[in-house]
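Sequence lines, in order, name chains A and B.
When we follow full-length UniProt numbering, the leftmost residue of the first sequence carries the number 1, and every step to the right adds one.
When we follow full-length UniProt numbering, the leftmost residue of the second sequence carries the number 1, and every step to the right adds one.
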Amino acid sequence: MATRQTQFLARSLLTPAVGLLFIWMIVPLGLTIYFSTLHYSLLDPGSESFVGLENFRYFLTDPAFLASLQNTLVLVGSVLALTILLGIPLALLMDQPVIGRNFVRLMVIAPFFVMPTVSALVWKNLLMHPVSGLFAWLASLFGLTPIDWFNDVPLFAVILIVTWQWLPFATLILLTALQSLDEEQKEAAEMDGASAVSTFIYITLPHLARPITVVILIETIFLLTVFAEIFVTTGGGPGLQTTNIAFLIYSQALIQFDVGSASAGGLVAVVIANIVAFFLVRIVGRNLEA
Amino acid sequence: MGQITLQGVQKSFGPVHIIKGADLEIADGSFVVFVGPSGCGKTTLLRLIAGLEDVSGGKILIDGKNVVDTPPAKRGLSMVFQSYALYPHMSVRGNIGFGLKMAGLPKDEINRKVEAAAATLNLTPYLDRKPRELSGGQRQRVAIGRAIVREPKAFLFDEPLSNLDAALRVQMRIEVTRLQKQLGTTAIYVTHDQVEAMTMADKIVVLNGGKIEQYGSPLELYERPANLFVAGFIGSPKMNFVTGEPALQKGAATIGVRPEHLKIERDGGGGWQGTIAVAEHLGSDTFLYVDAGALGMLTARYIGELSLHGGDRVSLMPDPARIHRFDESGNALRG
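Next up, the structure:
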């Protein structure tokens, strides 16, 4: 890209793609901003009227908003913590030379390829069902009362399902990082008299700082918008116990048919995602430097 | 103290025998170099002594104690790796002091020792830098600092200079040798570079195919190579080997003459006749690569400048006192 001609060529070749992406982004955003200023109910067609910021006031003062914001943060935080805390030991185990290592890796990665609706259905009907589920059967083997997951601990149940889906991703990223750790560094630590635990704390964990950051940033993007798992299992309930921001916007638009308020919610969600991203980059982003 | 003895040490990876029984006696305070072509097992032998690999047979004695079942850290050795293996997220201070920290020494004692080691190696201004902010030579010194700070019984060096450029390599070679003499600690040094071996070693171990070919001082190896392999490996340019009639006259299967022991005369003199294929003029030396017909290519070295060029006819006269004789199996004949 040194000469003026190649720069011009590069720009002209990039323009259609960038333009398409821009349209793809700006049209929905513009429409959402427009709808968010309207009184726009699908139950009352033809009555659209400009209401200014009324939709935002309505969405933000709705008690469901604070509850769902809290649920969103708890869901994201718990899944992040669980995938990393479980992902590190799993990656360490999979880094050991064992027979059938490739097969084990394939099996561990498999959940990532199951679509969210399917895995949520499997968890709901085959594993967590209070009567016919596997967990209920296990509990009854030990003479315990089966847990009714989606009624007694609904948010925790959703967290478990989402964790199961994202654990392979975290494990995979951490495993590749482990494999890039210089063997001579571990040997140097061994010569220096470091125990396995010290080697992990002083050599392996600092080496994993960067991939952990990557896992946190990427997972956060997707976890802020978890929807299918909630829709399939609890439908946001009981009450508002598993309603996150994404699900709240859905229910505004397609349960209460209030497009205006849902659009305002969508814009609020964009702002929240940016706030979260800002803090994340401040906290963990420095690991990505150098 | 750092006396290391190997008794019949063997190592195999599955069916492949890497070390086929090595016996060696390394005196306290000496600088021993393992040298050999790649794949000869020199690094494996070093790693066996370090404890990074388990022996398949035999004994390794450090100060008379068999250490084959002792973990690396307890053997009292320290190692400098080829890639330096510095801990990238720790400062120079952290890198040098890591072993002491693992040994549970109090902080102020660690600091005192680290600073002393850094002063020896001229690293004091860099103590708070990270390895990536250092040059190759400085990283090398940090790796050495990490080794000396623990006051080990012996240093193990695994081709430590191979990542440095030529000028720096010569400088570090001198620094390492001087440091070792100053500390008086036993050192085992692995290299494939015979010049490094000749210049640094008190004693050289020449390895080939997992076997020790010869063990002796650099000049012993130069003057009395035990076999064809050692004769060809030690010395630069390589020794000339001649078979056939001239060898039979001396009662040997092969005779060897070093390039510096061939007297060069213009055509018509006695000795081996040939045509110069290439002449290299270095100013201080002149190297002639001579096509000597049935005798093959011969290399001759002349100290100083000699105005001969490609295509010139010369005759090469071997110094009779400096001819090495070898039997059919390649072992040296004496007397």
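Beta carbons: idealized from backbone N, C-alpha and C, even for Gly.
Query, Result
"Could you please tell me which residues of the region 202–227 of chain A, in chain order, have their CB closer than 9 Å to any CB of chain B?", "202, 203, 206, 207, 209"
"In the structure shown, what three-state DSSP assignment does residue 21 (chain B) receive?", "strand"
"Report yes if the C-beta distance between residue 297 (chain A) and residue 59 (chain A) is below 8 Å; otherwise report no.", "Outside the displayed span of chain A (1 to 290) sits residue 297 (chain A), for which this structure offers no information."
"Using a Cβ-Cβ cut-off of less than 7 Å, give me the residues of the region 83–116 of chain B that come near chain A, in sequence order.", "83, 85, 87, 89, 98, 99, 102, 103"
"CB-CB under 7 Å to residue 44 (chain B), same chain, minus the five flanking residues each way: which ones, in chain order?", "11, 18, 19, 53"
"With a cut-off of 8 Å on the beta carbons, I'd call residue 139 (chain A) and residue 83 (chain A) a contact; round off their distance for me.", "In fact, because the Cβ distance is near 26 Å, the residues do not count as touching under 8 Å."
"Can you list the residues of chain B that residue 180 (chain A) reaches, using a CB-CB cut of under 7 Å?", "Per Cβ cutoff of 7 Å: no residues; residue 180 (chain A) is ~12 Å from chain B at best."
"If we ignore side chains and look at the alpha-carbon of each, how far apart do residue 164 (chain A) and residue 121 (chain A) end up?", "13 Å"
"Hey, residue 116 (chain A) and residue 168 (chain A): beta-carbon distance below 8 Å or not?", "no"
"Any Cβ of chain B within less than 8 Å of the Cβ of residue 194 (chain A)?", "yes"
"Would you mind stating whether residue 161 (chain A) and residue 123 (chain A) have Cβ atoms separated by less than 8 Å?", "yes"
"Mind the definition here: the region 213–221 of chain B touches the region 196–205 of chain B only if three or more C-beta pairs lie below 8 Å; say whether that holds.", "yes"
"Are the beta-carbon atoms of residue 231 (chain B) and residue 239 (chain B) separated by less than 8 Å?", "yes"
"Measuring CA to CA, which of B:155, B:209, B:160 is closest to residue 3 (chain B)?", "B:155"
"Using a Cβ cut-off of 8 Å, pull out every chain A residue sitting near residue 81 (chain B), in sequence order please.", "184, 187, 188"
"Determine, using beta carbons only, whether residue 48 (chain B) comes closer than 8 Å to chain A.", "no"
"Using the beta-carbon count (16 or more within 10 Å), is residue 16 (chain B) buried or exposed?", "exposed"
"Starting from the beta carbon of residue 294 (chain A), find every residue of chain B whose beta carbon is closer than 8 Å, and list them in chain order.", "Examination of residue 294 (chain A) is not possible in this model, given that chain A is present from 1 through 290 alone."
"If residue 93 (chain B) sits next to residue 67 (chain B), beta carbons under 8 Å apart, how far is it from one beta carbon to the other, in whole angstroms?", "Actually they do not touch by this definition, with Cβ atoms about 30 Å apart."
"Give the interface partners of residue 73 (chain B) over in chain A, defined as CB-CB distance under 8 Å, in chain order.", "190, 191, 192, 193, 194"
"Helix, strand or coil for residue 12 (chain A)? Go by DSSP, reduced to three states.", "helix"
"Please name the residue in A:152, A:42, A:150, A:135 whose C-alpha comes closest to that of residue 144 (chain A).", "A:135"
"Can you name the residues of chain A whose CB is closer than 9 Å to the CB of residue 52 (chain B)?", "187, 190, 191"
"Using the beta-carbon count (16 or more within 10 Å), is residue 42 (chain B) buried or exposed?", "buried"
"Do residue 224 (chain A) and residue 155 (chain A) come within 8 Å of each other at the CB atom, strictly closer than that value?", "no"
"Tell me, please, which residues DSSP counts as bridged to residue 50 (chain A).", "A:38"
"From residue 227 (chain A) to residue 269 (chain A), what does the alpha carbon distance come to, in whole angstroms?", "13 Å"
"Select from B:31, B:9, B:7 the residue whose C-alpha is nearest the C-alpha of residue 203 (chain B).", "B:31"
"Which class does residue 100 (chain A) belong to by DSSP, given the choice of helix, strand or coil?", "coil"
"For a contact meaning CB atoms closer than 9 Å, what does residue 338 (chain B) contact in chain A?", "Here chain B has residues from 1 to 335 only, and residue 338 (chain B) is not among them."
"Check whether the Cβ atoms of residue 150 (chain B) and residue 99 (chain B) lie closer than 8 Å to each other.", "yes"
"Return the CA-CA distance between residue 28 (chain A) and residue 230 (chain A), expressed in angstroms with no decimal places.", "25 Å"
"Judging by CA-CA distance, which residue of B:288, B:235, B:158, B:256 is the nearest neighbour of residue 332 (chain B)?", "B:256"
"Beta-carbon of residue 233 (chain B) versus every beta-carbon of chain E: anything under 8 Å?", "Here chain E cannot be found, since the structure's protein chains are A and B."
"Checking 8 Å against the spacing of the C-beta atoms, do residue 306 (chain B) and residue 274 (chain B) come in under that value?", "no"
"With 16 other CB atoms within 10 Å as the buried threshold, where does residue 158 (chain B) fall?", "buried"
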